[in-house]
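Colleague:
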Amino acid sequence: MTTSLRCYDCGRTAALEDGKRCVCGEPRWFNVDAANFEWPDGDTAEGMWRYRDVLPVSSGPGVAPGGTPLHRAEGLDADVGCRLSVKVEGQNPTGSFKDRGTAVGVGYALEAGTDWIGTVSHGNMALSTSAYAAAAGLDCAVFVPTDTPAERLELMARHEPHIFRVEGHYGQLYADTLALETDVRFVNSDTPLRVAGQKTVAYEILEAFAPDVPDAIALPVSSGGQASGVWKALRELETAGLIDDPPRLYVVQAAACDPIATAFREGRDEVTPVDGGDTIAVSIANSDPPSGTRTLSAVRDTGGAAVSVTDDETRDAMALLATTAGLSVEPSSAVALAGVRALARDGEIDADEEVVTILTGSGYKERFDTDVDARTRTIALEALADEVESVVDR
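Numbering of the sequence shown is given in UniProt numbering, commencing with residue 1 and proceeding in unit increments.
#1: Just the C-alpha distance for A233 and A325, rounded to the nearest angstrom, thanks.
#2: Consult DSSP for R100 and reduce its assignment to one of helix, strand or coil.
#3: Which of helix, strand or coil does DSSP assign to G197?
#4: Is any beta-carbon of chain C found at less than 8 Å from that of W39?
#5: With distances taken Cα to Cα, identify the nearest neighbour of I280 among L343, A255, V271, L16.
#6: What does the alpha-carbon distance come out to for the pair R12 and G19?
#7: Between the Cα of P69 and the Cα atoms of S189, E389, G361, which residue gives the shortest distance?
#8: Looking at S189: is its Cβ nearer than 8 Å to the Cβ of Y174?
#9: Can you check which of these residues, G277, L296, T295, is closest to S287 by C-alpha distance?
#10: Tell me whether R294 sits in a helix, a strand or coil according to DSSP, three-state version.
#11: Measure the CB-CB distance between E46 and G67 and report whether it falls below 8 Å.
#12: In its own chain, which residues sit with a C-beta less than 6 Å from the C-beta of D258, not counting the 5 before and 5 after it?
#13: Evaluate R235 with the Cβ neighbour count: other Cβ atoms within 10 Å of its Cβ, from every protein chain shown; 16 or more gives buried, anything less gives exposed.
#14: Express the C-alpha separation of I260 and V271 in angstroms, rounding to a whole number.
#15: Select from E38, R52, G105 the residue whose C-alpha is nearest the C-alpha of T114.
#16: Taking the straight line between their C-alpha atoms, what separation do you get for Y250 and D33?
#17: Taking DSSP's pairing of strands, which residues face A254 in a bridge?
#18: Run through DSSP, which three-state label would V142 get?
#19: Do V80 and A344 count as a contact pair if the criterion is CB distance below 8 Å?
#20: Please classify V372: is it buried, with 16 or more other beta-carbons within 10 angstroms of its beta-carbon, or exposed?
#21: When the Cα of V355 is compared with those of W29, H71, C7, which residue comes out closest?
#22: Span of the alpha helix (DSSP H) holding T260?
#23: Please say whether M156 and L127 have beta carbons closer to each other than 8 Å?
#24: Where in the segment 100 to 184 do unbroken runs of the beta strand (DSSP E), each at least 3 residues long, occur, reported from the N-terminal end onward?
#25: What separation, rounded to the nearest whole angstrom, lies between the Cα atoms of R28 and G224?
#26: What first and last residue would you give for the beta strand (DSSP E) that runs through E354?
#27: According to DSSP, A15 sits in a beta bridge with which residue or residues?
#28: Between which two residues does the alpha helix (DSSP H) harbouring P331 extend?
#29: I'd like to check one pair, R6 with residue 395: are the Cβ atoms closer than 8 Å?
#30: Specify, as a first and last residue, the run of the alpha helix (DSSP H) that S85 falls within.
#31: In this structure, how does DSSP classify R315 when only helix, strand and coil are distinguished?
#32: Among the candidates K98, E348, V144, whose CA atom is the shortest distance from the CA of A131?
#33: Exposed or buried, what is E389 when buried is set at 16 or more other beta-carbons lying within 10 Å of its beta-carbon?
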């Protein structure tokens, strides 16, 4: 496969080493010719590597990401307002969708003979990059804001990366690290290698539905890297002739920090920074998303939308997933389900439509304000039978 890049907007091409962004200011992605791609038949490659023909590398270190469950969540239909399926990305090796992009980035670094890999993140991406670097025997540099919770730093530190707690404006780290003249290969949130890996989640969804196509795909959005990957996959599969009418893309943000949704509501062509507020969906609280405008183009190109939800709506979605589907997800994942509920309520999604919601990360490594005392009682062993019976009879 070619390793040249193309700007999604103006179409200019460049080499990977020429930079991640085009001279027009918009992000680049890999220039893939998918005309001859077919669904792999009998391929024994693990996880996302079954789509290696459209990836810049054919394998990577560690446990292969991808191959995550696509679960038809019938029990949620009535509450959500459509025929819902969930793509459970929390079952990737480090518990989030980030592993797909990381595996491609680290795999490429190995092939290129790079000794260092790096990223800017205060959560899933930092953990993922640290883990895959360890599996590859690479040194890893992780740049986090100074207020990153200690429990997150502990998770990253298990893989022995070099952790830099950076004072100052966190958002500026994205551009500053990519501009560094260093031996560290940075695979940040929406860089071409990461987007190449992230697109495989859409390949898996569409292959599972083939020859049909879901009516819509909904996902949370921060930098826009994941949304860009899903859009890229749809374009490639159209070129391959494997889908005719792509699903609508719906991206969801937290209302306290929603620059993409704001631009969509206002009918603007470009996403501009906002003054973001506090939200429980901290992992997607990106006030200046580097692929914001690309994401805006994606939802408009597919007839979708960008929406935002409140923290209370997110909490309700988390509880619904946990108590009805048995799935614990982080708040930044639950915003997607909350968004689907809002879209169905407003008539944007019909009750008989097939919708896939991407649940990007597990909630089992997060701390939530769950009322444990309300679900807990202390009993004497000799009263076991009576206590169990009293609960069952309620």
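Glycine is no exception: its CB is placed at the ideal position from the N, C-alpha and C atoms.
Modeller: The answer reads as follows:
#1: Stepping through the sequence shown from its first residue, residue 233 is reached at position 233. Stepping through the sequence shown from its first residue, residue 325 is reached at position 325. Whole-angstrom Cα-Cα distance: 28 Å.
#2: Within the sequence shown, the letter at position 100 stands for residue 100. Note: R100 maps to helix in three-state DSSP.
#3: In the sequence shown, counting from the first residue as 1, residue 197 sits at position 197. Correct three-state label for G197: helix.
#4: Absent here is chain C; the protein component of the structure consists of one chain.
#5: Locating residue 280 in the sequence shown gives position 280, counting from the first residue. Here the closest residue by C-alpha is A255.
#6: Reading the sequence shown from its first residue, position 12 is the one you call residue 12. Reading the sequence shown from its first residue, position 19 is the one you call residue 19. Whole-angstrom Cα-Cα distance: 12 Å.
#7: Stepping through the sequence shown from its first residue, residue 69 is reached at position 69. Closest option to P69, Cα to Cα, is G361.
#8: Translated into positions along the sequence shown, residue 189 becomes position 189. Translated into positions along the sequence shown, residue 174 becomes position 174. Yes; because the gap between Cβ atoms is below 8 Å, this pair is in contact.
#9: Looking up residue 287 in the sequence shown gives position 287. Taking each of G277, L296, T295 in turn and checking the Cα distance to S287, the smallest one comes out for G277.
#10: Position 294 of the sequence shown, counted from the start, is the residue given in the question as residue 294. Three-state DSSP puts R294 in a helix.
#11: One-based indexing of the sequence shown puts residue 46 at position 46. One-based indexing of the sequence shown puts residue 67 at position 67. Yes; because the gap between Cβ atoms is below 8 Å, this pair is in contact.
#12: By 1-based counting over the sequence shown, the position of residue 258 is 258. So the qualifying residues of the chain are S308.
#13: As a position in the sequence shown, residue 235 is number 235, starting the count at 1. It is buried - the Cβ of R235 has at least 16 other Cβ atoms within 10 Å.
#14: Residue 271 sits at position 271 when you count from the first residue of the sequence shown. Residue 260 sits at position 260 when you count from the first residue of the sequence shown. Cα to Cα, V271 sits roughly 6 Å from I260.
#15: Counted from its first residue, the sequence shown places residue 114 at position 114. Here the closest residue by C-alpha is G105.
#16: As a working mapping, residue 250 is identified with position 250 in the sequence shown. As a working mapping, residue 33 is identified with position 33 in the sequence shown. Whole-angstrom Cα-Cα distance: 26 Å.
#17: What you label residue 254 is simply residue 254 of the sequence shown in a count that begins at 1. Answer by DSSP bridge pairing, in chain order: V309.
#18: Within the sequence shown, residue 142 is the residue found at index 142, counting from 1. Three-state result, V142: strand.
#19: For the purposes of this step, residue 344 is identified with residue 344 of the sequence shown, where counting begins at 1. For the purposes of this step, residue 80 is identified with residue 80 of the sequence shown, where counting begins at 1. Yes, Cβ-Cβ distance for A344 and V80 is below 8 Å.
#20: What you label residue 372 is simply residue 372 of the sequence shown in a count that begins at 1. Any reading at V372 must be qualified, since the residue scores a pLDDT of 48, below 50, and its modelled position is unreliable; no value is offered.
#21: On the sequence shown, residue 355 is found 355 positions in, with the first residue counted as 1. Ranking the options by Cα distance to V355, first place goes to H71.
#22: As a position in the sequence shown, residue 260 is number 260, starting the count at 1. With the sequence shown as reference, residue 260 is identified as Ile, and Thr is not the correct amino acid for it. Where I260 is concerned, the enclosing alpha helix (DSSP H) stretches over 259 to 265.
#23: Counting from one through the sequence shown, the residue named residue 127 turns up at place 127. Counting from one through the sequence shown, the residue named residue 156 turns up at place 156. In contact: L127 and M156 (Cβ atoms closer than 8 Å).
#24: Every beta strand (DSSP E) stretch that sits fully inside the segment 100 to 184 and reaches 3 residues is listed by chain position as 116 to 120, 139 to 145, 162 to 166.
#25: The residue given as residue 28 occupies position 28 in the sequence shown. The residue given as residue 224 occupies position 224 in the sequence shown. When rounded, the distance between both Cα atoms is 13 Å.
#26: The residue you call residue 354 lines up with position 354 of the sequence shown. Bounds of the beta strand (DSSP E) holding E354 are 354 to 359.
#27: In the sequence shown, counting from the first residue as 1, residue 15 sits at position 15. According to DSSP, A15 bridges with S4.
#28: For the purposes of this step, residue 331 is taken as residue 331 along the sequence shown, with counting starting at 1. Per DSSP, P331 belongs to the alpha helix (DSSP H) from 331 to 345.
#29: Outside the shown range of the chain (1 to 394) lies residue 395, about which nothing can therefore be said.
#30: Reading the sequence shown from its first residue, position 85 is the one you call residue 85. Note, S85: premise wrong, no alpha helix (DSSP H); beta strand (DSSP E) at 83 to 88.
#31: Mapped onto the sequence shown, residue 315 falls at position 315. R315: helix per DSSP, three-state reduction.
#32: Position 131 of the sequence shown, counted from the first residue, corresponds to residue 131. That would be K98, whose Cα lies nearest to the Cα of A131.
#33: Position 389 of the sequence shown, counted from the first residue, corresponds to residue 389. Result: exposed.
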